[in-house]
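Below is one structure, written out as structure tokens; the observations come after it.
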Amino acid sequence: MRVTIQALSAVLAGTQSLHTNAFDEAFSIPTPRSEKLALRAQQIIARESGVINTVDPLGGSYYIEALTNEMESVSYEYFREIENLGGVISAIEKGFYQSAIADSAFKYQEEIEKKKRIVVGLNEFVTDEEMDIELREPDPEFEKQKVADLTALKKNRDLNVVKTCLSEVRQVIQGSDNVMPVLIKAVKSHVTLGEIINVMRDIFGEFREESIY
């Protein structure tokens with residue numbers, strides 16, 4: 546139900562692309578049933594609601610304009626703060642984004658616990674009823690087939706071409722050139738994503754988030 550409201554909000558805002566999450570997507574790959582329910586939410590909005598019969602159904606709404614102006618103002622405050630910190634990379638290194646996200650999550654949870662923010666079923670109209678969710682069970686044969694496919698791919702490709710492509714990737718990512726052309730070439734030459742990532746890991750290492758508290 547919440548996803549339907551969220552989807553309608555996106556349509557009212559003039560979205561050009563829309564995905565509605567299935568109710569079990571937080572646990573596993575959606576089941577056919579949950580996929581269909583998510584799809585039906587979009588279809589009802591598109592075919593039943595009538596919201597698409599006008600280009601801009603919220604056009605002229607003073608409240609929407611006020612919310613937009615408020616969001617724009619707050620966004621520019623963030624932009625200025627990031628610039629004052631020395632830019633995006635510097636802000637990451639100083640823990641700005643991590644801190645902002647953590648503070649926002651804490652505030653959100655606090656509002657729920659103090660009932661300043663109502664979440665139906667969680668802090669209002671709560672029942673003891675538990676709903677069993679049928680999760681999609683992965684097919685073990687599918688995994689075996691993918692491993693076999695990858696093994697065959699590595700066996701039949703030209704290893705000299707693979708080595709050349711990985712060498713080019715290594716060279717380009719250490720400079721300032723656009724990396725996409727060499728990455729596309731590598732993929733077309735059957736270089737795997739794991740092999741490309743290993744080169745990047747060798748050059749850049751792995752990100753270790755600094756403790757911000």
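In my numbering, the protein residues as written are 546 to 758.
For each residue, glycine too, the CB sits at the ideal point set by N, CA and C.
Computed from a predicted model, the values in this text were never measured in an experiment.
Three-state class that DSSP yields for residue i in the structure shown
{"i": "E754", "result": "coil"}
{"i": "V665", "result": "strand"}
{"i": "V600", "result": "coil"}
{"i": "S649", "result": "helix"}
{"i": "R746", "result": "helix"}
{"i": "E622", "result": "helix"}
{"i": "S554", "result": "helix"}
{"i": "Q561", "result": "coil"}
{"i": "E674", "result": "coil"}
{"i": "R578", "result": "helix"}
{"i": "F687", "result": "helix"}
{"i": "S594", "result": "coil"}
{"i": "F503", "result": "This structure leaves residue 503 out entirely; the chain is present only between 546 and 758."}
{"i": "D569", "result": "coil"}
{"i": "S721", "result": "coil"}
Closest by C-alpha distance to residue i, when choosing among the options
{"i": "Q643", "options": "E656, I627, E658 and H735", "result": "I627"}
{"i": "F568", "options": "A555, V556, T560 and L584", "result": "L584"}
{"i": "I597", "options": "S618, A552, G750 and V633", "result": "A552"}
{"i": "T560", "options": "D601, I718 and A611", "result": "D601"}
{"i": "D747", "options": "V692, E679 and Q716", "result": "Q716"}
Close beta carbons around residue i, own chain, < 6 Å, minus the five adjacent residues each side
{"i": "L637", "result": "Looking at the sequence itself, residue 637 is Ile, so the reference to Leu does not match. Cβ neighbours of I637 beyond the five flanking positions: none."}
{"i": "D648", "result": "none"}
{"i": "E593", "result": "none"}
{"i": "A555", "result": "L563"}
Neighbourhood of residue i by C-beta distance below 7 Å, restricted to the same chain and skipping five residues each side
{"i": "V714", "result": "V727, L728, A731, I741 and V744"}
Burial state of residue i (16 or more Cβ within 10 Å)
{"i": "I590", "result": "buried"}
{"i": "A650", "result": "exposed"}
{"i": "A611", "result": "exposed"}
{"i": "V665", "result": "exposed"}
Own chain partners of residue i with C-beta closer than 8 Å, once the 5 adjacent residues on each side are dropped
{"i": "N566", "result": "V548 and A583"}
{"i": "A586", "result": "V548, T549, A552 and T565"}
{"i": "L630", "result": "A636, K639 and F641"}
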